[in-house]
Amino acid sequence: MTEPGRFAREVASGLPSRNPRPMSDTRPANLPSRGPSLTRGLAAAGAPGSGMEMLQGALLVMAVLYFGQELLVPLVLAVLLSFVLAPLVRILRRIAIPRPVAVIVTVLLACTLFLGIGGLVGRQASLLAENLPTYQATIGHKLSGLQSAGGLLDRVSGAVQAMGRGINTEPEATAKPAGPATRTEAQAPIPVEVRTPDPTAMEMLRRVAEPLLGPLATAGIVIILVIFILLYREDLRDRLIRLAGARDLHRTMAAMDDAAYRLSRFFLAQTGMNTAFGLFIAGALWLIGVPNPLLWGFVAALMRFVPFIGVFVTVTGPILMALAVDPGWSMLVWVLVLFGLSEMLMGQVFEPLVFGHSTGLSPIAVIAAATFWTWLWGPIGLLLAVPLTVCLVVLGRHVERLEFLEVMLGDRPPLDPEETFYQRALAGDANALAEQAERCLKEKPLADYLDAVALPALRLAQADAVHGALQPERREALQ
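Per the numbering used here, the sequence shown runs over residues 30 to 508.
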């Protein structure tokens with residue numbers, strides 16, 4: 030078994046060792062450590078069978094998430110909504126309102142808001158469905174105009190197709206006299222008309238209510254869970270503290286409170302920002318003249334929960350409406366300019382002011398999470414992908430056993446600066462070393478950079494060289 034610190038550095042550099050040495054021969058005495066949790070994790074990673082156990086555990090978790098989605102989706106929605114509504118409950122509690130009353134008032138306000146938004150969006154969707162044939166005809170006419178202006182290639186293609194149709198129909202015309210000379214009236218098809226009885230009132234009620242039973246049941250379960258989570262919030266927190274570790278009660282409680290506060294603040298700010306963005310998009314589309322602006326504003330606010338991907342889903346509807354309504358192309362240009370400017374302002378100005386420079390997730394983690402949760406739970410998984418991933422990163426930041434979640438999904442550097450310097454030097458990547466130095470020199474002077482980064486990296490190299498862990502070609506690259 031190879032030495033854990035050396036194994037980690039070789040994996041990071043991408044250059045596996047050709048002559049692995051026993052641990053007792055290669056362990057540097059003064060090798061800096063990132064902490065006991067990482068050391069234990071590397072030791073566990075080298076244990077036989079641990080990789081297979083992790084794979085089996087991951088497959089088991091995915092199976093539970095997939096087959097239990099009817100139970101887990103309402104539970105996840107309730108937990109996320111409780112994070113959003115918890116600040117309002119705290120505000121009502123500060124003015125001496127009892128907790129049950131504060132919870133009921135908060136949930137009623139949220140339900141009223143959701144019902145109002147749902148009514149407006151439903152009305153807009155029905156208007157869109159009524160005018161859809163007209164929009165379809167307009168879009169078809171515009172696309173046919175583009176096709177007719179295609180030039181010589183389209184005319185040649187049409188002529189070839191016409192010639193093909195003429196060749197196919199000529200044998201049929203000449204083959205007709207060879208058939209039977211006469212047709213009797215008895216051989217003509219007899220039209221058949223099937224009449225169904227008019228549906229009764231109960232059947233009509235069943236047809237209307239049946240598609241709504243599933244969503245209404247899910248909404249009812251979510252509301253009940255939200256009420257109980259808000260009512261017994263402290264009790265649930267104490268139970269989680271007990272599970273996480275009651276030996277160090279102060280640190281565990283501080284970590285749980287910090288995680289809950291950060292998540293609650295993030296989700297509340299995200300909801301407020303998305304609502305403001307949706308209202309702005311709806312107002313701008315109304316000024317441009319795009320039909321059903323409230324519907325597209327609601328879609329824009331909803332899809333802001335999905336970074337990178339949501340903007341493409343959001344802009345599709347307004348683009349189609351601009352093509353359907355405007356006989357020219359000016360409305361389409363205005364829609365594209367609107368979404369381009371709004372996304373740039375939200376991503377570069379407003380969100381950094383509210384959230385800081387990042388949500389704590391790496392871009393690759395966002396794309397991977399959106400793909401995974403969409404595959405697992407469908408469209409609702411796409412909307413919940415980023416909130417769930419944020420919860421996992423916060424959990425990995427405060428629970429030692431789940432630290433790998435923050436390393437995999439978070440945006441923090443996985444290696445310390447001196448370890449990054451050493452890894453780049455081992456790989457012989459001078460450009461990466463120069464980029465790292467430029468970034469560090471923007472924040473600190475050269476002397477501090479040498480003391481904090483370069484010298485510790487050289488100590489790592491010296492320790493490996495003393496214990497024979499460096500191969501000759503790598504030693505030459507470092508020199």
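The beta carbon of each residue, even a glycine, is placed where N, CA and C say it ideally should be.
On a predicted model such as this, the values are computed, not experimentally measured, just so you know.
Separation of Gly301 from Leu278, as counted between CA atoms: 34 angstroms
Beta-carbon proximity of Glu447 to Val482, cut-off 8 angstroms: yes
Contact check, Val113 vs Phe296, beta carbons under 8 angstroms: It is a contact, given that the beta carbons lie within the stated cut-off.
Leu444 - DSSP class collapsed to helix/strand/coil: Three-state result, Leu444: coil.
Minimum Cβ-Cβ distance from Ala394 to chain C less than 8 angstroms: Although the question refers to chain C, the structure presented lacks it and comprises just one protein chain.
Inter-residue Cα distance where the pair is Leu365 and Leu479: 49 angstroms
Rounded straight-line distance, which links the Cα of Arg119 to that of Ser293: 12 angstroms
N- and C-terminal bounds of the alpha helix (DSSP H) containing Ile124: That residue, Ile124, is in no alpha helix (DSSP H); it is neither H nor E in DSSP.
Environment of Arg333 [buried if 16+ CB atoms lie within 10 Å]: buried
For Leu161, the residue or residues it bridges with in DSSP: Paired residues: none, contrary to the question.
At least 3 beta-carbon pairs within less than 8 angstroms: the stretch 149-156 vs the stretch 314-327: yes
Extent of the continuous alpha helix (DSSP H) run through Val354: Gly339 to Val354
Beta-carbon gap between Val340 and Glu372 smaller than 8 angstroms: yes
Status (buried if at least 16 other CB within 10 Å, exposed otherwise) for Ala58: Reliability fails at Ala58, whose pLDDT of 37 lies under 50, so the model's placement of it is uncertain and the value that follows must be treated cautiously. Ala58 is exposed by the Cβ-count criterion.
Beta-carbon proximity check, Val354 vs Val319, cutoff 8 angstroms: Closer than 8 angstroms, so yes.
Buried versus exposed call for Gln377 [16 or more other C-beta atoms within 10 Å across all chains shown]: exposed
Alpha-carbon spacing of Arg122 relative to Thr135, whole angstroms: 11 angstroms
Within 8 angstroms, strictly: CB atoms of Ala288 and Val422: no
Leu100 to Lys471 span [Cα, whole Å]: 50 angstroms
Under 8 angstroms between C-beta atoms of Leu390 and Leu434: no
Residues that DSSP places opposite Gly439 in a beta bridge: Leu390
Cβ-Cβ distance between Val344 and Ala399 below 8 angstroms: no
Buried versus exposed, by CB contacts within 10 Å (16 or more), Val90: exposed
Own chain residues within Cβ distance below 8 angstroms of Leu314, not counting five before or after: Pro322, Trp325, Gly326, Pro347, Val364 and Leu367
Inter-residue spacing [alpha-carbon to alpha-carbon] between Gln98 and Asp458: 46 angstroms
Spatial distance of Asp477 from Leu444 (CA atoms): The C-alpha of Asp477 lies about 19 angstroms from the C-alpha of Leu444.
8 angstroms Cβ shell around Thr403 - same chain, five flanking residues per side excluded: Gly410, Leu411 and Ala414
Cα-Cα separation between Leu156 and Ser111, rounded to whole angstroms: 34 angstroms
Euclidean distance between Cα positions of Glu159 and Leu94: 39 angstroms
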